[in-house]
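What follows is a short report on a single structure.
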Amino acid sequence: MEEHLKNSVTDGQEEYVLNIGPQHPSTHGVLRLVASLRGEIVTNIEPHIGYIHRGIEKMCESLTYPQIIHLTDRMDYLSAHINNEAVCLNVEKALEIDIPDRIKVIRTIMAELTRIQSHQLFWATFGMDLGGLTCFFYGLRDREKVLDIFEETCGGRMIVSYNCPGGLMHDIHPGFQKRVKEFIEYFRKTLPEYDQLLTGNVIFRERTMGIGKLTLGEAIAHGITGPTARASGFSCDVRKKEPYSAYDRIKFNEVLFTEGDTYHRYLVRMDEMRQSMDIIEQLIDNIPEGPYAVKMKPIIRLPEGEYYQRVETARGELGVYIISDGNKNPYRVKFRSPNFVNLSVLNMLSKGFKIADLIAISGSLDLIIPDIDR
Amino acid sequence: MPFDIYDFTSLTQWIDTSLNDRLSPFWAVVAEMAIVGLLILVFYALIGLFLVYAERKVCAFMQNRLGPNRVGPFGIFQTVADLIKLLLVELVPIRNADKFLFNVAPFIVIIASFMAISAIPFAKGLHAIDLNIGVFYVIAVSALGVIGVLLAGWSSNNKYSLIGAMRSGAQIVSYELSVGLSLITVIILAGTMQLSEIVQAQSTGWFIFRGHIPAFIAFVIFLIASTAETNRGPFDLAEAESELTAGFHTEYSGIKFAFFFLAEYMNMFIVASIAATVFLGGWMPFHIGSWEAFNHVMDFIPPFIWYLMKTFFIIFLMMWFKWTFPRLRIDQLLTLEWKYLLPINLVNVVFMAFIVLMGWHF
Amino acid sequence: MRSIVKYISEVLSGVWSLLKGMKVTGSYFFRPSAIVTQKYPENRKDLVMFERFKGEVIMPHNENNEHRCTGCGICEINCPNGTIEVITKTIITPEGKKKRAIDKHIYRLSMCSFCALCVKTCPSNALAFSQEFEHAVFDRSKLIKISNKPGSQLMKGVE
Amino acid sequence: MSADNFNLEESIRSFDGDAIVTEGKQFTEITVHPEKLMALAMFLRDNSEMGFDFPACVSGVDYGNDLGVVYHLRSTKHNRTIVVKTRVSDRQNPVMESVTPVWPGAEYHEREIFDLFGIRFTNHPDLRRLFLDNSDGYPLRKDYSDDVNIVTK
């Protein structure tokens, strides 16, 4: 690797190799980008990952299915609830269990709250990446309110571990609905501030418009999903394409743009927060009565076979591929994590732009490093 | 004139004559220089510490935070504690750095700001040197600081530092033009470059009001350009902590870092006080046309307070900018200067000259 | 001419968008009531955690120093990280029967990932989460905790 | 999912007689010899009836004797998913052709599989270890042993 860096000479000019990361304020984790520069222009980006590779897939092979779920929290820690849901749905599908509506609705509300708080943090850190430090505090301030909802019901703030095969760990807190409604009311008032502070800002627009364009064809061929792909016009929302939980009974729009630049990747997330609030408002008053969990056998064994379940996390499609040999432990678990795939286009997008743009582009891909490394 | 009660000329002249009585002329000058130097040093340190504290509190309130609140009441001694810490921490030696330049760079930055502060009129007669080309001197001297930034970036032998320093160089070279031209707009109106004269000329009304629209445009341009010249957000490309970690001062630690830190705040103070002096009447109190009683009350506020109020108002504006806007990119920074500020400025100068020729100003 | 109008309108709309942002931050500057910072060590007394907050796993004891743990080891089996270790001993009940009882219920806080599987699966509800959130210690060995209090006994009626 | 692809099996069989097409629990599964993988990949992507242009997931699997790769492919046009499986039995030096020229999105997945399973992909643009820069062995294989880091109860 070091050998490769030394020899990176093109047309007689030595490249200026800048090591961005593993510790850097805007890589949001331990991602290392080896950037070759000419002046300030980026000519090549080489991501080096694996600094927090924990071997979750290997660990899963020696754990039971309920135990796997809490490991998935640690992958994309901002979509913890949705990751849990993916494994649970897969196990439930394999066992052919009917899930009561109450569980489905609660899962959906929780998933949308997760999406909102994830996008709030995206807004916060994206503003910070571009130099607007105040955004960071406003974003975190509002995210706290969602985390309080999580803490009251699940007991955890980020690492919720709220799902279990067959339902939920416990019922929602009696004050859950009131708190969620309060939050929605509050956030509908604060969201326009986000727009005033950043979206409409002329500096912000100049910094992001036309930067790092991803075309529709490239997005599909590279397997890009989530808001990143939807900004390029790739309709890939699993909630629409293959509805799970309660998504088949609610109305919401899939946010689509065609430009595919950094600004529109940002806009997709801003609009998704509004869509998520709409979804929650449709469901919060109509949580059906019923049990919060289906009675499961103490030891869950999946029938022999292969199971693939995908869900829409805040960053894209999370696929859980389980191969079972009939034991209580899975034979092989593969997590198709959205960030891992989205990272692969970073080099393509940032070529020819400046360092500042590289930061903006990697910020707009909204990478979560533990999800890349797993 | 009621504000003569706050005239410091007699005080300074008394000090001058009494020193000359007791000492030979040479030693009298040395003693005067020592007194002035000491006063400026103390003033510098106090203002620096206060500004750091003020910035933290301002940004904290804008971000729904409390800001420093541990050391002393409302955390007012936080910056003092930080200063003590910075004095005590280890100066990390950089093995491959150009040692001489690396060590000399912070001093260049801080000396440049020292030199600039000496030409600023704080009140009538409270003035270290009253040069007849005061405005020109301040612009020239405050631009010297960038040499320190460039040297710091180069000598650190760090890639982030070098990029930061080069950005800073490009930035200063272009924004110096706008600072100069916007001040020239006012100099046309004032007819002098001597800072004390400029302040005196505003006794009948501040230039920002007297000069109609062109003076206001010049004021706005001066604010933008001077924010850029002091490397403050949204123009803090030389530091750009989300891109270049800390830019040109990545490798500095301890007191050497403190020098850069202090110089940044002092540069902000200097440009704010120039703006206050040139556009907002310096230490002149605020008067409204024929409201005699109002004007009389205003006169009893000491000129030094007036000066500080105006300066801190402009500093607050600059902090407000920094904590609201995202950072510009280097090419946008240059676009802003060459495509927007410079042409507007040139038109503005002509416009102002026209107004002055026709005698349309107040 | 049109380009000049466009140029000027661009400048003005840009400035207007900047002013809108300044309005947001400026309004917060003059609204200290919006401050969300909590002064942490001072507010320790009125800092109430949510009842479901997962602080650490404890074994609640009643006033007679009795707990509900039968020493079945289901929590140990269910723990994904090997956090819990149940050491049992055999005691002779007053009726003269040999019976299993816990000697030590070891809980390693440093390895716990707060998945709540032990609390959920415990057949006799012997385990619970405490509200304690200040876990920092200077010595790592202090993170190995023994959940059952010394001299404690199994609660009557729990099998 | 697989109800509407009435002609899928037929057309794949007609394309490659050796490919085994089965109906899995969720998706139609094609098992193909690694040498014919590339031709099948081109067919699956470019045939307008197929149109499997979206590489959803590429997973390596250790089947015990064989090492395999499973491709989950999706057609954005028809919104259906297909599974392509291929396996090599040479555990010492497993070689397979890379599908990166067909689906660029497979690049990182294949690097990951090379890193964790040791399957070498020919024609891959940049085949280096992804996570584990300086280590030996392929940890996701079932016979991998590491006495220091893997603790078994």
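The listed protein sequences correspond, in order, to chains F, E, R and H. Here the first sequence stands for residues 1 to 374, numbered as in our numbering. Here the second sequence stands for residues 1001 to 1362, numbered as in our numbering. Here the third sequence stands for residues 2001 to 2159, numbered as in our numbering. Here the fourth sequence stands for residues 3001 to 3153, numbered as in our numbering. Every residue, glycine too, gets a C-beta built ideally from N, C-alpha and C. All figures in this text were calculated on a predicted structure; none of them were measured in a lab.
Check: residue i C-beta below 6 Å from any heavy atom of the ligand PLP
{"i": "S1113 of chain E", "result": "Within the structure as shown, the ligand PLP is missing, as the structure has no ligands at all."}
Residue i, DSSP secondary structure in three states
{"i": "H2067 of chain R", "result": "strand"}
{"i": "L1333 of chain E", "result": "helix"}
{"i": "H1249 of chain E", "result": "helix"}
{"i": "C1059 of chain E", "result": "helix"}
{"i": "C2118 of chain R", "result": "helix"}
{"i": "Y77 of chain F", "result": "helix"}
{"i": "S2147 of chain R", "result": "coil"}
{"i": "F252 of chain F", "result": "coil"}
{"i": "R301 of chain F", "result": "coil"}
{"i": "K2088 of chain R", "result": "With the sequence shown as reference, residue 2088 of chain R is identified as Thr, and Lys is not the correct amino acid for it. Residue state, collapsed to three classes: strand."}
{"i": "P47 of chain F", "result": "strand"}
{"i": "A35 of chain F", "result": "strand"}
{"i": "N19 of chain F", "result": "strand"}
{"i": "Q3092 of chain H", "result": "coil"}
{"i": "R310 of chain F", "result": "strand"}
Closest residue to residue i among the options (Cα-Cα distance)
{"i": "I1094 of chain E", "options": "E:I1208, E:N1348, E:A1152", "result": "E:A1152"}
{"i": "A2116 of chain R", "options": "R:E2056, R:V2005, R:E2095", "result": "R:E2056"}
{"i": "L367 of chain F", "options": "F:I41, F:V17, F:P47", "result": "F:P47"}
{"i": "E281 of chain F", "options": "F:A94, F:V105, F:I323, F:G175", "result": "F:V105"}
{"i": "A1054 of chain E", "options": "E:I1330, E:W1320, E:Y1340", "result": "E:W1320"}
{"i": "V30 of chain F", "options": "F:N19, F:E40, F:T225", "result": "F:N19"}
{"i": "H173 of chain F", "options": "F:M110, F:S235, F:M209, F:R141", "result": "F:M110"}
{"i": "V2173 of chain R", "options": "E:I1274, E:V1146, E:E1337", "result": "Given that chain R is displayed from residue 2001 to residue 2159, the structure contains no residue 2173 of chain R and the question cannot be resolved."}
{"i": "L1046 of chain E", "options": "E:T1335, E:G1075, E:L1262, E:V1199", "result": "E:L1262"}
{"i": "C353 of chain F", "options": "F:N44, F:S337, F:V294", "result": "The sequence given here places Phe at residue 353 of chain F; Cys does not occur at that position. With distances taken between Cα atoms, F353 of chain F lies closest to F:N44."}
{"i": "K3036 of chain H", "options": "H:K3085, H:R3128, H:I3119, H:I3150", "result": "H:K3085"}
Close beta carbons around residue i, own chain, < 7 Å, minus the five adjacent residues each side
{"i": "S276 of chain F", "result": "E112, R115, I116"}
{"i": "T2171 of chain R", "result": "Outside the shown range of chain R (2001 to 2159) lies residue 2171 of chain R, about which nothing can therefore be said."}
{"i": "V1179 of chain E", "result": "I1139, F1222, A1225, S1226, E1229"}
Any chain F beta carbon closer than 7 Å to residue i
{"i": "K2006 of chain R", "result": "no"}
{"i": "Y3108 of chain H", "result": "yes"}
{"i": "F2133 of chain R", "result": "no"}
{"i": "A3003 of chain H", "result": "Caution applies to A3003 of chain H, whose pLDDT of 46 falls short of 50 and renders its modelled position unreliable; the model cannot decide the point."}
{"i": "L3037 of chain H", "result": "no"}
{"i": "K1159 of chain E", "result": "yes"}
Chain R contact for residue i (CB, 7 Å cutoff)
{"i": "M277 of chain F", "result": "no"}
{"i": "R141 of chain F", "result": "yes"}
{"i": "T134 of chain F", "result": "yes"}
{"i": "L197 of chain F", "result": "yes"}
{"i": "L1262 of chain E", "result": "no"}
{"i": "E3 of chain F", "result": "Caution applies to E3 of chain F, whose pLDDT of 48 falls short of 50 and renders its modelled position unreliable; the value that the coordinates give is listed next. Cβ-Cβ to chain R under 7 Å: no for E3 of chain F."}
Chain E contact for residue i (CB, 7 Å cutoff)
{"i": "F137 of chain F", "result": "yes"}
{"i": "D129 of chain F", "result": "yes"}
{"i": "V2158 of chain R", "result": "no"}
Contacting residues, own chain, Cβ-Cβ under 6 Å from residue i (five flanking each side not counted)
{"i": "C1059 of chain E", "result": "W1323"}
{"i": "T153 of chain F", "result": "I172, H173, F176"}
{"i": "F2114 of chain R", "result": "K2054"}
Test: residue i CB closer than 7 Å to a CB of chain H
{"i": "R336 of chain F", "result": "yes"}
{"i": "A231 of chain F", "result": "no"}
Close beta carbons around residue i, own chain, < 8 Å, minus the five adjacent residues each side
{"i": "L1328 of chain E", "result": "P1234, F1235, L1237, L1336"}
Check each residue of the region 2013 to 2034 of chain R: if its Cβ is closer than 7 Å to any Cβ of chain E, include it; give the result in chain order. Cβ contacts with chain E: L2018, G2021, M2022, T2025, G2026, Y2028, F2029, P2032, A2034.
With 7 Å as the limit, tell me which residues of the region 239 to 272 of chain F have their beta carbon closer than that to any beta carbon of chain E; keep them in chain order. From the region 239 to 272 of chain F, no residue has a Cβ closer than 7 Å to chain E.
If the cut-off is 7 Å on Cβ atoms, which residues from the region 202 to 217 of chain F count as contacting chain R, listed in chain order? Residues V202.
Against chain E, which members of the region 35 to 66 of chain F pass a CB distance test of less than 9 Å? Cβ contacts with chain E come from L37, G39, E40.
Using Cβ-Cβ distances below 7 Å, what residues of the region 2107 to 2137 of chain R are close to chain F? Hits within the stretch, in order: S2113, F2114, C2115, A2116, L2117, K2120, F2129.
Near-chain R residues of the region 1320 to 1351 of chain E - C-beta to any C-beta below 7 Å: Hits within the stretch, in order: W1320, W1323, T1324, F1325, Y1340.
Contacting positions in the region 338 to 368 of chain F - beta carbon closer than 8 Å to chain H: Residues passing the 8 Å Cβ filter: F340, V341, L343, S344.
Identify each residue in the region 1294 to 1324 of chain E for which the Cβ-Cβ distance to at least one residue of chain R is less than 7 Å, and report them in chain order. Using a CB distance below 7 Å, the part of the region 1294 to 1324 of chain E facing chain R consists of W1320, W1323, T1324, ordered along the chain.
Chain F contacts made by the region 1060 to 1080 of chain E, where a contact means CB separation under 7 Å: Hits within the stretch, in order: M1062, Q1063, N1064, R1065.
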